[in-house]
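Just so it is clear: in the sequence shown, position 321 is 571 by full-length UniProt numbering, and no numbers are missing.
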Amino acid sequence: EKGGYATFMEKEIYEQPHAVRDTLLGRTDVEGRLVLDDMSITADQLRDVDRITIVACGTAAYAGMVAKYAIEHWTRIPVEVSLAHEFRYSDPIATERTLIVSISQSGETMDTLMAVKHARELGAMTLSICNTHGSTIPRESDAVLYTHAGPEIAVASTKAFLAQITACYILGLYLAQLRGGTFADDAQSVMKELHEVPSKLEDLLGRMDRVKEIARFMADTRSVLFLGRNVGFPVALEGALKLKELAYIHAEGFAAGELKHGPIALIEAGQPVFIVVPGPGTPHELHKKVVSNIQEIRARGARTIVVAEDGDEDVVPFADEVIRVPATSPLLAPLLTVVPLQVFALHLSSAKGLDVDQPRNLAKSVTVE
Ligand code: F6R
Numbered sequence: 251e252k253g254g255y256a257t258f259m260e261k262e263i264y265e266q267p268h269a270v271r272d273t274l275l276g277r278t279d280v281e282g283r284l285v286l287d288d289m290s291i292t293a294d295q296l297r298d299v300d301r302i303t304i305v306a307c308g309t310a311a312y313a314g315m316v317a318k319y320a321i322e323h324w325t326r327i328p329v330e331v332s333l334a335h336e337f338r339y340s341d342p343i344a345t346e347r348t349l350i351v352s353i354s355q356s357g358e359t360m361d362t363l364m365a366v367k368h369a370r371e372l373g374a375m376t377l378s379i380c381n382t383h384g385s386t387i388p389r390e391s392d393a394v395l396y397t398h399a400g401p402e403i404a405v406a407s408t409k410a411f412l413a414q415i416t417a418c419y420i421l422g423l424y425l426a427q428l429r430g431g432t433f434a435d436d437a438q439s440v441m442k443e444l445h446e447v448p449s450k451l452e453d454l455l456g457r458m459d460r461v462k463e464i465a466r467f468m469a470d471t472r473s474v475l476f477l478g479r480n481v482g483f484p485v486a487l488e489g490a491l492k493l494k495e496l497a498y499i500h501a502e503g504f505a506a507g508e509l510k511h512g513p514i515a516l517i518e519a520g521q522p523v524f525i526v527v528p529g530p531g532t533p534h535e536l537h538k539k540v541v542s543n544i545q546e547i548r549a550r551g552a553r554t555i556v557v558a559e560d561g562d563e564d565v566v567p568f569a570d571e572v573i574r575v576p577a578t579s580p581l582l583a584p585l586l587t588v589v590p591l592q593v594f595a596l597h598l599s600s601a602k603g604l605d606v607d608q609p610r611n612l613a614k615s616v617t618v619e
């Protein structure tokens with residue numbers, strides 16, 4: 251049932267092109283417009299949405315963080331991401347024009363379920379992005395957008411994460427389409443690029459040998475840092491979470507811009523740091539800014555493992571290792587850049603002889619608060 255792979259997690263990592271492709275399937279009509287057939291909130295209600303709050307936990311919350319950058323850019327609707335357990339026990343602002351989007355692979359996470367119930371009490375519209383048909387959270391929500399990642403067996407989430415990000419993109423592009431005009435035109439061209447991601451993922455998964463080697467060499471490492479900016483920031487957080495969960499190594503993810511506000515004090519000779527580099531085409535010169543971050547930490551002795559687009563030569567002088575990913579438009583990059591971080595955590599865990607599919611102290615679905 252592991253289809254020739256040593257672990258479920260590895261199998262699920264290699265299923266990611268399918269997870270994205272199947273989640274995209276049937277979402278565009280003949281004219282290339284987005285269609286959502288499993289949506290019971292009306293288009294008029296969605297056109298009126300003036301605020302979106304995403305509620306989720308763990309990896310699903312990082313998918314929400316990626317979504318915030320994308321949906322705000324495509325629609326100009328303010329998006330907030332709230333950890334579900336924090337949302338539930340705070341005094342959140344929600345009206346009948348607020349769309350509360352929950353993200354959950356299992357559909358059974360109690361913290362997320364409680365947040366959804368709370369949102370309904372507040373009179374907000376609730377939409378569930380979920381991977382498990384008929385589970386509790388979709389049943390408790392006004393509308394559902396199912397991810398089609400297939401069952402995820404390994405405790406650590408991988409293909410569900412990519413499918414969650416994809417579903418958030420679909421939602422954002424749908425909202426942009428409803429806004430019409432240039433919003434809708436832009437949405438169409440992004441959708442086209444999104445459809446190219448699965449084959450780029452296949453290409454990427456075929457070049458993971460060096461990442462596996464790096465992981466094996468690092469079996470004795472005690473601490474790893476991850477840096478990213480913009481959509482690369484939640485990718486850095488996810489890379490760190492995977493390493494904590496699977497390899498029991500102390501790991502932290504930072505927004506690269508925060509470095510000089512504190513974390514740079516952690517850099518000492520030999521400290522491994524992964525840097526998720528935005529593509530050279532990213533607005534606001536973010537590429538250049540991250541390259542100078544790499545330079546700064548390298549000058550302080552960090553061992554820099556750089557995740558960069560094909561053809562990005564600017565990183566080379568400051569990188570101890572360069573992990574290449576296919577180029578895509580900046581907001582879609584997380585679907586690619588997170589993959590080497592997943593593969594790294596998996597192989598570091600197995601190099602340490604740990605149980606990749608069932609890490610200690612963790613359960614696949616957390617059904618208590
Ligand atoms: C990380 C992981 C957890 C889950 C979180 C939410 O690898 O698996 O952080 O993402 O517990 O679970 P779901 O998505 O089922 O609500």
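Just so you know, even glycine gets a beta-carbon here, dropped at the ideal spot from N, CA and C.
Top-ranked residue by Cα proximity to residue i, from the options
i, options, result
"residue 325", "307, 583, 453, 435", "435"
"residue 500", "338, 268, 321, 599", "599"
"residue 551", "534, 566, 570", "570"
"residue 519", "547, 274, 586", "547"
"residue 494", "607, 473, 554, 528", "473"
"residue 539", "489, 478, 511, 597", "478"
"residue 378", "391, 372, 504, 369", "391"
"residue 266", "543, 463, 411, 573", "411"
"residue 203", "572, 342, 275", "Given that the chain is displayed from residue 251 to residue 619, the structure contains no residue 203 and the question cannot be resolved."
"residue 337", "537, 372, 295", "372"
"residue 307", "366, 253, 291", "366"
"residue 364", "333, 553, 467, 317", "333"
"residue 252", "591, 556, 402", "402"
"residue 584", "484, 309, 258, 476", "484"
"residue 341", "350, 368, 349", "368"
Residue environment, residue i, which counts as buried when at least 16 other CB atoms sit within 10 Å
i, result
"residue 293", "exposed"
"residue 404", "buried"
"residue 613", "exposed"
"residue 460", "exposed"
"residue 456", "exposed"
"residue 618", "exposed"
"residue 597", "buried"
"residue 504", "buried"
"residue 511", "exposed"
"residue 534", "exposed"
"residue 545", "exposed"
"residue 264", "buried"
"residue 344", "buried"
"residue 290", "exposed"
"residue 383", "exposed"
Minimum Cβ-Cβ distance from residue i to chain B less than 9 Å
i, result
"residue 492", "Looking for chain B here will not work: only one protein chain is present."
heavy atom of the ligand F6R below 8 Å from residue i C-beta
i, result
"residue 376", "no"
"residue 442", "no"
"residue 415", "no"
"residue 356", "yes"
"residue 539", "no"
"residue 619", "no"
"residue 405", "yes"
"residue 308", "yes"
"residue 615", "yes"
"residue 292", "no"
"residue 362", "yes"
"residue 525", "no"
"residue 273", "no"
"residue 469", "no"
"residue 353", "yes"
"residue 257", "no"
"residue 491", "yes"
"residue 359", "yes"
"residue 601", "no"
"residue 265", "no"
"residue 495", "yes"
"residue 410", "yes"
Contacts around residue i, its chain only, beta-carbon distance under 7 Å, and the 5 residues preceding and following it disregarded
i, result
"residue 581", "319, 320, 323, 481"
"residue 427", "283, 284, 434, 437"
"residue 454", "575, 576, 586, 589"
"residue 578", "443, 447, 450, 586"
"residue 615", "356, 358, 359"
Residues bridged to residue i (per DSSP)
i, result
"residue 278", "284"
"residue 331", "304"
"residue 500", "473"
"residue 572", "556"
"residue 375", "349"
"residue 505", "478"
"residue 522", "553"
"residue 396", "380"
Other residues of its chain near residue i: CB distance less than 6 Å, five sequence neighbours each side excluded
i, result
"residue 531", "none"
"residue 610", "none"
"residue 298", "347"
"residue 420", "277"
"residue 593", "458, 461"
Cβ shell of residue i (< 8 Å), same chain only, five flanking positions each side left out
i, result
"residue 327", "299, 300, 301, 302, 321, 425"
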